[in-house]
Every structure is written in C-alpha cells, then in structure tokens.
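Protein sequence lines correspond, in order, to chains A and B. So the first sequence is numbered by the numbering used here: it starts at 1 and just counts up by one. So the second sequence is numbered by the numbering used here: it starts at 104 and just counts up by one. Just below is one structure, and these are the notes that go with it.
There are 2 protein chains.
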Amino acid sequence: MGAVFRALADESRRALLDRLFERKGQTLGELCDGLQMSRQAVSKHLAILEAANLVSTRKEGRKKLHFLNPVPIHEIAGRWVAKFERAHLDALSDLKARLEGEE
Amino acid sequence: MGAVFRALADESRRALLDRLFERKGQTLGELCDGLQMSRQAVSKHLAILEAANLVSTRKEGRKKLHFLNPVPIHEIAGRWVAKFERAHLDALSDLKARLEGEE
DNA sequence: TTGAAACGCAACTAAATGGTTGCATATGTG
DNA sequence: CACATATGCAACCATTTAGTTGCGTTTCAA
C-alpha cells in the first residue's frame, strides 16, 4: 500500500496517470511525446507505477501497452473518508462541477 | 494539489491521519504518544499535513487541536476514477468487506 | 542480414526528505 | 513569581529520490 502513495507523490507520474486516464493502452514512446524528460526517466516512472499496481501492462511484439488501474486509488478514499461523509462530499463535488459549467 | 500527494507519501503522516480519523481534536502531545519519533518530528509532519489542508487546527490556550479534513482525499478519487466506475468499485469494496466480516 | 525501432539495465549526480538536537516562546498553576 | 506544560524555530546529518548518460537486448522490416 505504501508503494501506491509513494508512486502518487511525484508530479510526473501523476501526469502519466492523467494521460492514461484519457487514452488507455499507450506505449512508452507515446507516453514520452511532448514531455521534457528522457525516455529512460519515463520508463522508470512507469515501472514505479506498475509496481504500485496503478498501471498494468500487456506486451504486444516489441511494444508494451500501458493501462490505468483505478482500484488502488479508489481504496485510498475508503481509508479516511467516513461512509456517511461520502454521499455528502459527492453532492458537493457535483454542485461545484455544475457551478463551474463542467460536464 | 501536489502538497496533498506529497503529504500522503509518508507512512508516519498516514499513521497520524489514521489517529485523527479515529479521534478528532487531539493535541500534538497526544499524537506523539506511543510513537518512536521525537515531538519535533511529529510537529513537522503535522505542519506538512496542515499545509496540504489534510489537517485543520484550532488553538485553545497553549494547546493546538488537530482535525482531519476529508475533502482533499475525496477529490483524489475523482481525478482518476471515472464516474461510471465509482459505483462498481464501491460495490466491490462492500462485497469484500462483508466477506471479510467487517462492519 | 543489416539497420532501425522499442525497450531494459546499471552507474552516477544533484536535490529533496525525514529525523535529530538545541534553544526559544507562550500559557497555565502553585 | 517560579516552574512545569505545550508548542515553535533553526541548524545539521543520513538517506532517498528523480533525472541523466551510456550500453545492451529484442523485435520488425527492407
């Protein structure tokens, strides 16, 4: 479990998760595009995310496809947000989103 | 937002959140009890949690009371867990908890 | 089979982090 | 007031971490 939090601690890794949330099944090379870091740096970050089970992978030929796994993130909320608070906070988020014209 | 993830990255700080989740309004001294760290170390951790808005405080005389704020934690889930997945994962968590005899 | 594309492994460096010790400040209490 | 209680601030040290560079391996394609 500690690996999950450590993995989420880095901005670059959170950006990678954002990318995978938007489009699943990307390769290392695709995930590098537009980033400042070297390919090796991105590869290390993905390895950390994979070790934390936040990203799962599948090999296809010489390509390695990456997928976001939402389960560990979902479990974080369950740890410190009381069940009765959950619905309340959801309602607040929805209201906020609607006021901001999102969705 | 980065402060929240950085704050959650440390095991000691997560333990402090656990304590505050169990009993709200504890002082620095109370939060130190039973831990190996020095008081100053705990104080630093609480400052980081407070800066991340994960803990809010209130001064009462020479005492400083600490409270867990669930909002930032709740927002994390919203970032990478799609809305339609939410209900599904909640159901899985509930099932798992019931099978383990919790609650 | 030669070369390019996609990725993995290892050593190194600079910066951030967690923890300690020592001292200072404010607030109650006899 | 004198003293203990509760907390804050600052310097310092050991470890971890993010990033780089360099080289090796596997897969595909002409």
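Just so you know, even glycine gets a beta-carbon here, dropped at the ideal spot from N, CA and C.
Item: As assigned by DSSP and simplified to three states, the class of E100 (chain A); Value: coil
Item: Proximal chain A residues relative to R109 (chain B), where beta-carbon distance stays under 8 Å; Value: A9
Item: Proximal residues of chain A, C-beta to C-beta of G105 (chain B) below 7 Å; Value: E11
Item: For V71 (chain A), the three-state DSSP class (helix, strand or coil); Value: helix
Item: Alpha-carbon spacing of K186 (chain B) relative to V145 (chain B), whole angstroms; Value: 37 Å
Item: Listed by chain order, chain A residues near A180 (chain B) by CB distance under 8 Å; Value: I73, H74, I76, A77
Item: Contact residues within the region 121-142 of chain B, judged by C-beta distance below 9 Å to chain A; Value: D121, L123, F124
Item: Start-to-end residues for the alpha helix (DSSP H) that takes in R14 (chain A); Value: 11-22
Item: Alpha-carbon spacing of D113 (chain B) relative to M1 (chain A), whole angstroms; Value: 11 Å
Item: Inter-stretch contact at 8 Å, needing at least 3 Cβ pairs: the region 52-60 of chain A / the region 150-168 of chain B; Value: no
Item: Residues bridged to E60 (chain A) (per DSSP); Value: A:K63
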